[in-house]
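Contents: one structure, followed by commentary.
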Amino acid sequence: MKKKKEKVHSVEVNEFCVFKQTEEDSRENTKTIGIDFHLGLPVSEQHRVARIENPSLWNILEEILYSPKDFDVSRFLKDRIWNGTLSKSAASTPFIRFVDGMTLNDPDLHRLEQSAVLGIGTARSMAEVFERLATGGLVSQETRNKMFLENYEFSEDYISGAKVSRGQGFMMTEFRGNRMFGHSGYGGQNIRIDFDNRITVSYLSNGLKVGFGDTARTWKRLINAVYDTLERI
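Here the numbering used here is used: the first residue of the sequence shown is 26, the next is one more, and so on.
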């Protein structure tokens with residue numbers, strides 16, 4: 026009996042979420058979180074996870090040509106040729122691959138409580154986590170200030186070469202005179218909070234982009250749209 030061939034279509038899932046804080050949010054101190062974000066995904070939730078895909082060669086060229094100044098192509102090539110820090114870092118965990126190849130779709134990996142790469146959730150859930158941090162739902166005001174607002178130093182990332190201001194676990198960038206705190210990730214993922222304007226912005230995509238964090242083309246368009254809207258309010 027001949028087995029029928031099935032054609033599989035890949036679908037890119039882009040999620041974008043903006044939260045605007047209210048006075049009620051600021052007073053809330055929730056003891057039970059109940060946020061749809063997982064470090065160690067339960068088997069019962071596996072069917073909800075979108076498959077991650079690396080960018081095609083055409084996508085790579087498109088993003089580089091869109092804003093060449095955002096990409097240090099020569100550094101990347103040198104790293105590959107001379108087995109630099111980025112290449113060594115990727116080789117140190119062969120079971121977690123997302124540059125050369127892709128292992129992040131393995132359900133067995135999703136069970137690991139590994140926060141650097143294997144946090145699984147939605148853009149809304151990421152925004153909710155940061156909202157709770159900002160409004161005192163997870164930590165005290167003093168701890169929050171130490172986490173987000175103190176001891177930033179502008180330096181070059183040892184692995185990726187990205188030049189960013191880093192504090193105690195978070196990054197700080199300025200956009201149109203507004204300070205945004207949070208963290209960007211590989212493939213364009215990003216989460217930022219603006220305390221002055223009382224907003225949290227989160228972007229996740231299973232279709233990985235070439236730009237790192239703030240340099241990803243999709244993020245640039247979204248964050249411009251957010252602040253265009255704020256300026257009109």
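Glycine included, each C-beta is placed from N, C-alpha and C at the ideal position.
Non-local C-beta neighbours of residue 66 in its own chain, meaning closer than 6 Å and more than five positions away in sequence, comprise 135, 145, ordered along the chain. Distance from the CA of residue 176 to the CA of residue 189, rounded to the nearest whole angstrom, comes to 13 Å. Between residue 81 and the set 137, 232, 164, the nearest pair of CA atoms involves 232. The beta carbon of residue 150 sits closer than 6 Å to those of 60, 61, 62, all from its chain and outside the five residues before and after it, given in chain order. The segment 190-205 and the segment 116-125 do not touch, with fewer than 3 CB-CB distances between them shorter than 8 Å.
DSSP links residue 147 through a beta bridge to no other residue. For residue 104, the enclosing alpha helix (DSSP H) stretches over residues 98-106. Beta-bridge pairing by DSSP links residue 200 to 203.
In the DSSP assignment, residue 235 falls outside any alpha helix (DSSP H), carrying neither H nor E. Where residue 189 is concerned, the enclosing beta strand (DSSP E) starts and stops at 188-191. For the options 237, 223, 160, the alpha carbon positioned closest to that of residue 184 is the one of 237.
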